[in-house]
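Q: Can you keep this structure in mind? I'll have questions shortly.
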């Protein structure tokens, strides 16, 4: 009878664990996988702490208070599938995707790496080196180091990796990864009852101690490498996610910087032939949002001329954005919100659609931290309702906050 | 249990609806009623393996030019229905894809059909697009892992199109003329050399109706893939152009029809996966291995904090001892990782359509539906056998010193 009631219940369902952590369960009978996602919001943390979190995330899979390195590795082997812990722009993201038969192990693994992490000098040192190496692996996106540097300057994203001591890493972890900052989502072939029962035991009884005082060392300003590419960037500010202006601001960002029909792609790439890559990188902070529009090219031509062109395009947007360009942006944004396979920054807000279980689980948990998971299904309607006038208003407001940088 | 369920899930998908147009072009439709998305993909038998030293980079530039409509691009059209358009040039083929929410499939497919039907190279945009391609090539040079993979292929197949980078070299692209490109395009962009695959929540009848204009393309002659030379064991050493020390090792591997294809995939995951034997040594490894008709190289690129000598010693030691060191648990994890990837792929119209298209282009239509079943059947002994065949003494090894 209870099973029948669960089946009749509206999916996804929101359940609050005993300690208040929201858990959203989307039971999909036809799935053969299950994804468990835990997010801890860090969109209020300063840049240096974000840099430290980036390193700490890379170190958590090494050892916990319960499991030695070997045992923890053994546990992740048993779980199989996708096991990920990372700083995902404005949240710390934990994910395990596995077979439903392994859900219990997945819950154990996730509760270990959220609640009982043990940081060691060696693991933090390796994590710091891995973060630096990640920058190498993103080398084909020369805009990335420029955008990262710009985000660091604006105080909204991590700069170079920091060297952390175990004491500081633990204190920071306790400060950010705690029930009142977290949400959980489970999507896939796992009935709600079973999920609630298992996660109540793993997460519902979690009562963290207050974080001790700590001070994160300043992020290393990575020496400017002799890069062959120049990046021309422009940062603008916008409303935060909870604002009713947010959808219009996102349409404005898409009109300017996203897709082959965007202002940057049609002008900088198709008309001028200046660049292969043009785009827009978002940072969604608790109090406001930021977009960095960019394009990159092989160094040589005078960057001032190109910076001025970007400046001109953004300042003229209020006049040049028309109904057709806004319609394109709305259609692209709504379509890709549903089914995008993912962008260059990995699983981050507005970086992927709702294709796989892990995409949907991320979105449900993410929206829950920003006003409620039900907005996930309503957001496409919000995009479709945006008018040209609203986008022009956002273009005008954004132009007033414009900051340019050549990187 | 999960593996049996997984195989049933993939096997339960209805067979794709296949029609062959009068000019030989294959149109495949795989209805996926549960999918929120659709994908339409055009595969053309033509990629860098077909190039000569004089035409290096031709297929990639043709791919770029195909998008341009004059004032805008086909991508721009597709975006107005919420879809996204892209293309990639591989060694054996070029793939154009448009994908988006299921409701927009007809508009997206129409953009792709228009792209396939366009003729000629737009003169006004030719030089400008060359500049864009040169920018793209410069970007690729910045990725140390893919650069190491390219170095292995170039060392394995010197003087052959198989050794070309798929996007062409800067010098090659600069030397290409619009006329030579048009000649190549006319040979390869013909009915016999094309496969169109549409996957997702679509109606096969309506897809076939939209594809009728494609019958107007000339039939052409089936292009024959140049034979893949047998590479000789080689070792090259150079200063890393970017990043730290790296070792790239290329092993000869069979194409999608090879008996040991799935065992090779598993062996690669066992060695170089996230929880694989190389990761156990604290090394970072990436595998480069794609479906191929003629056979291929499986390249593993490894980086770590060590200098190149220690790195090479550690990598070779790990690869050599892998057949003896393989534990059931490691194999089971590798199989679980690949199973999850294949299952996710089977439910994604774009990924499943890619496998269908590659299979059809390579005359192995069952490839997509049987891949998972093959993976489940591979035995421990077969993976050990595949690991033994990844013998570094018969490999192409590229060693990059940290400058």
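Chains as they are written, first to last, in this note's numbering: chain A, 274 to 680; chain B, 67 to 469.
Glycine included, each C-beta is placed from N, C-alpha and C at the ideal position.
Predicted model only: the values in this text are computed from it and were never measured.
1) Does any residue of chain A bring its CB to less than 7 Å from the CB of residue 72 of chain B?
2) For residue 667 of chain A, which residues in the same chain have their Cβ closer than 6 Å to its Cβ, ignoring the five residues on either side in sequence?
3) What residues in its chain sit with their C-beta under 7 Å from that of residue 157 of chain B, if we drop five residues either side in the sequence?
4) What residue range is occupied by the uninterrupted alpha helix (DSSP H) comprising residue 399 of chain B?
5) Should the stretch 158-173 of chain B be called in touch with the stretch 606-613 of chain A, which here means at least 3 C-beta pairs below 8 Å?
6) CA-CA distance, residue 423 of chain B and residue 400 of chain A?
7) Please find out if some non-hydrogen atom of the ligand GDP comes closer than 6 Å to the beta-carbon of residue 605 of chain A.
8) Under 7 Å between C-beta atoms, does residue 503 of chain A make it to chain B?
9) If you scan the stretch 385-469 of chain A from start to end, which runs of the alpha helix (DSSP H) of 4 or more residues do you find wholly inside it?
10) Quick check: the stretch 441-459 of chain A against the stretch 590-607 of chain A, are there 3 or more CB pairs under 8 Å?
11) So with Cβ pairs under 7 Å, would you call residue 645 of chain A a contact of chain B?
12) CB-CB under 6 Å to residue 79 of chain B, same chain, minus the five flanking residues each way: which ones, in chain order?
13) Which residues in the same chain as residue 70 of chain B place their Cβ atom closer than 7 Å to its Cβ, once the five residues preceding and following it in sequence are excluded?
14) Grab the span of the alpha helix (DSSP H) containing residue 670 of chain A for me, first residue to last.
15) Reducing DSSP to helix, strand and coil, say where residue 547 of chain A ends up.
16) Anyone know if the C-beta pair for residue 261 of chain B and residue 95 of chain B falls short of 7 Å?
17) Any C-beta of chain A sitting closer than 7 Å to the C-beta of residue 343 of chain B?
18) Alpha carbon to alpha carbon, what distance is there between residue 582 of chain A and residue 371 of chain B?
19) What number of angstroms, rounded off, separates the C-alpha of residue 672 of chain A from the C-alpha of residue 479 of chain A?
20) May I ask you to verify whether the stretch 361-373 of chain A touches the stretch 389-407 of chain A, counting CB pairs closer than 8 Å and requiring at least 3?
21) Beta-carbon separation of residue 423 of chain A and residue 506 of chain A under 7 Å?
22) Give me the chain A residues within the contact set of residue 403 of chain B, using Cβ-Cβ distance strictly less than 7 Å, ordered along the chain.
23) Along the chain, where does the beta strand (DSSP E) that runs through residue 230 of chain B open and close?
24) Going along the stretch 621-641 of chain A in order, which residues come within less than 9 Å of chain B, judged by CB to CB distance?
25) Report yes if the CB atom of residue 674 of chain A is closer than 7 Å to the CB atom of residue 420 of chain A, and no otherwise.
26) Out of curiosity, what's the CA-to-CA distance linking residue 380 of chain A and residue 648 of chain A?
27) Taking the alpha carbon of residue 330 of chain B as the reference point, which residue from B:310, B:430, B:447, B:301 has its own alpha carbon closest?
28) Based on Cα-Cα distance, which residue from B:93, B:87, B:203 lies nearest to residue 419 of chain B?
29) For residue 382 of chain A, decide whether its Cβ has a neighbour in chain B, counting only Cβ atoms nearer than 7 Å.
30) State the start and end residues of the unbroken alpha helix (DSSP H) segment that holds residue 203 of chain B.
31) Given a threshold of 16 other Cβ atoms within 10 Å of its Cβ, counted over all protein chains shown, does residue 388 of chain A qualify as buried or as exposed?
32) For residue 394 of chain A, go through chain B and note every residue whose CB falls closer than 7 Å to its CB, in chain order.
A: Reading it off the structure:
1) With a pLDDT of 47 at residue 72 of chain B, under the threshold of 50, the modelled position of that residue is not reliable, and no figure is offered here.
2) 521, 522, 525
3) 113, 114, 115, 228, 232
4) 394-413
5) yes
6) Taken atom to atom, the span from the alpha-carbon of residue 423 of chain B to that of residue 400 of chain A is near 40 Å.
7) With respect to small molecules bound, the structure shown includes none, and the ligand GDP cannot be examined in it.
8) no
9) 394-410, 416-427, 439-449
10) no
11) no
12) none
13) Caution applies to residue 70 of chain B, whose pLDDT of 47 falls short of 50 and renders its modelled position unreliable; the model cannot decide the point.
14) 661-672
15) coil
16) no
17) no
18) 42 Å
19) 46 Å
20) no
21) yes
22) Here the neighbours are 353, 354.
23) Per DSSP, residue 230 of chain B lies in no beta strand (DSSP E) segment and is marked neither H nor E.
24) When C-beta distances to chain B are compared with 9 Å, the residues of the stretch 621-641 of chain A below that value are 626, 627, 628, 629, 630, 631, in chain order.
25) Remark: C-beta atoms of residue 674 of chain A and residue 420 of chain A do not approach each other more closely than 7 Å.
26) 26 Å
27) B:447
28) B:93
29) no
30) 189-206
31) Per the 10 Å Cβ criterion, buried.
32) The contacting residues do not exist; residue 394 of chain A stays about 15 Å from chain B at best.
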